[in-house]
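Q: Residue numbers (our numbering): 28 to 431.
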């Protein structure tokens, strides 16, 4: 049984975290650099953006994780260190600064950056100010806040779950608000667990669970250059190591990982830049999972659907339109569409055609902070849920002057 607990990335035994202001953006007074540390080097895995333009920290991290081991993570906000002068050198220097602070090997450090693309990372301020960072077993919240850019709230969760007769814990923090249309995970996410899992199994599980969580989120259709989702498993819970991606113990860990990733993905969608509401789209009755996923993601990614959600406008034609250009072959004349929220549920389209419905009731349903689009294909047994948000005037304002 999965139980939500407090603690974020410090909920699992043997993990500490902390944050400090290095002054990466001189105009910002908030902490901008976070470190997460495991008591010992341990199996680790990561998935990365599929954008062909990849930030230097991502490339350094990929090299460091070739042996499947890590012990510390350093994340800076305020500068992406992507397409930037001295990018690789500065990412290596950031890793070295973290290694010096924590006493771990430099190649056991995962490096992540987020912020403006194309500007040099002032790594000197990290080297100068990082020694003031204090690690603590209660430091997860500080770390979650330090990695925020246009996020309006920190994003964190932790759970406790049984593996055999052992109680294990898994927690995470993430950041992401804009430039969210992942082809791996989210913009940045760190997961920690005290469950003993081998590196190959950890990699397989992470790839599988990001595919059904973070990869089903779309805020604005843009995939970042810096997307990284990593996980460290130090084994301090004391369970027998999970060394195969099968069996009851693997399924227990896998379920906890999917739960944490899904909850964090929903937090990202709900906090999309300028967003006023979380939009969930569930496609059921599809011919297969791939078909259902593509259709749900197409609806969530549609700018016109997002705009209709902002206006609480029951313009279901935009939903069928988004499904129609998704590339999936389906019969439009079997499709039903409903809108649902805590204010009720209303059928707006039946078998691909309009039905009479109460526009005022529909508006009330769509005016809630969380809205669900329910689509029944009537072609099979597969069902998939994806997440997005509405598109508001505020999104344009935020991104119109992002650098300034």
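Cβ coordinates follow ideal geometry from the N, Cα and C atoms, glycine included.
Owing to the predicted nature of the structure, the values given are computational and were not obtained by experimental measurement.
Applying the 10 Å Cβ sphere with the 16-neighbour rule, what's the burial state of residue 75?
A: buried
Q: Looking at residue 167 and residue 44, is the spacing between their C-beta atoms short of 7 Å?
A: yes
Q: Compute the beta-carbon to beta-carbon distance between residue 257 and residue 72, rounded to the nearest angstrom, for a pair I have assumed lies under 8 Å.
A: Contact between residue 257 and residue 72 holds, with the beta-carbon distance rounding to 7 Å and staying under 8 Å.
Q: DSSP on residue 213, reduced to helix/strand/coil?
A: Here residue 213 scores only 48 on pLDDT, less than 50, and its place in the model should not be relied on; the value that follows carries that caveat. Coil, per DSSP.
Q: What is the C-beta distance between residue 201 and residue 216, in whole angstroms, given that I count them as a contact (C-beta under 8 Å)?
A: 4 Å
Q: Determine the direct distance from the alpha carbon of residue 344 to that of residue 90, and round the result to whole angstroms.
A: 47 Å
Q: Just the Cα atoms here: how many angstroms apart are residue 40 and residue 33?
A: 13 Å
Q: Which residue comes first and which comes last in the alpha helix (DSSP H) that contains residue 155?
A: 150-156
Q: Please work out which residues of its chain come closer than 8 Å, Cβ to Cβ, to residue 362, disregarding the five sequence neighbours upstream and downstream, and give them in chain order.
A: 347, 350, 376, 378, 379, 402, 403, 404 and 405
Q: Going by the DSSP bridge assignment, what does residue 434 pair with across the sheet?
A: Not covered by the structure: residue 434. The range shown for the chain is 28 to 431.
Q: Looking at the unbroken alpha helix (DSSP H) that takes in residue 333, where does it start and where does it end?
A: Its alpha helix (DSSP H) spans residues 330-337.
Q: Could you give the first and the last residue of the continuous alpha helix (DSSP H) run that contains residue 386?
A: Where residue 386 is concerned, the enclosing alpha helix (DSSP H) stretches over 386-393.
Q: Could you have a look at residue 86 and say whether DSSP puts it in helix, strand or coil?
A: helix
Q: Pull up the distance between the alpha-carbon of residue 365 and that of residue 400, whole angstroms please.
A: 6 Å
Q: Between the Cα of residue 189 and the Cα atoms of 369, 282, 358 and 203, which residue gives the shortest distance?
A: When only C-alpha atoms are compared, the closest one is 282.
Q: Excluding five sequence neighbours on each side, which residues of the same chain lie with their C-beta closer than 8 Å to the C-beta of residue 321?
A: The answer, listed in chain order, is 353, 354 and 355.
Q: Using a Cβ-Cβ cut-off of 7 Å (strictly less than) and excluding sequence neighbours within five positions of residue 240, which residues of its own chain qualify?
A: 285, 288, 289 and 292
Q: Quick one: give me the first and last residue of the alpha helix (DSSP H) that residue 103 is part of.
A: Not the alpha helix (DSSP H): residue 103 falls in the beta strand (DSSP E), residues 96-104.
Q: Please return the same chain residues whose Cβ sits closer than 6 Å to the Cβ of residue 372, not counting the five positions on each side in sequence.
A: 365
Q: Alpha carbon to alpha carbon, how far is residue 434 from residue 304?
A: The requested residue 434 is not part of the displayed model; the chain covers only 28 to 431.
Q: Enumerate, from N- to C-terminal direction, the unbroken alpha helix (DSSP H) stretches of 4 or more residues contained entirely within the region 166-205.
A: DSSP runs (the alpha helix (DSSP H)) wholly in the region 166-205: 167-173.
Q: Going by other Cβ atoms of all chains shown within 10 Å of its Cβ, with 16 needed for buried, is residue 165 buried or exposed?
A: exposed
Q: For a test of the three-state rule: what should DSSP assign to residue 163, helix, strand or coil?
A: strand
Q: Exposed or buried, what is residue 330 when buried is set at 16 or more other beta-carbons lying within 10 Å of its beta-carbon?
A: exposed
Q: Between the region 107-123 and the region 180-200, are three or more C-beta pairs nearer than 8 Å?
A: Contact fails: fewer than three Cβ-Cβ distances are below 8 Å.
Q: Assign residue 213 to one of two classes, buried (16 or more other C-beta atoms within 10 Å of its C-beta) or exposed (fewer than that).
A: Model confidence at residue 213 stands at a pLDDT of 48, short of 50, so the residue's coordinates are unreliable; what they give is reported in the following sentence. Taking a 10 Å sphere around the C-beta of residue 213, we find 16 or more other C-beta atoms and assign the residue as buried.
Q: Between residue 315 and the rest of its own chain, which residues show a CB-CB distance below 8 Å, the 5 nearest in sequence each way excluded?
A: 407 and 409
Q: Classify residue 385 as buried or exposed, calling it buried when 16 or more other Cβ atoms lie within 10 Å of its own Cβ.
A: Exposed.
Q: With DSSP as the reference, label residue 123 as helix, strand or coil.
A: helix
Q: Could you tell me the distance, in whole angstroms, from the CA atom of residue 116 to the CA atom of residue 146?
A: 14 Å
Q: Name the residue from 94, 83, 242 and 93 whose alpha carbon lies nearest to the alpha carbon of residue 111.
A: 83
Q: Which residue or residues does DSSP assign as beta-bridge partners of residue 43?
A: 64
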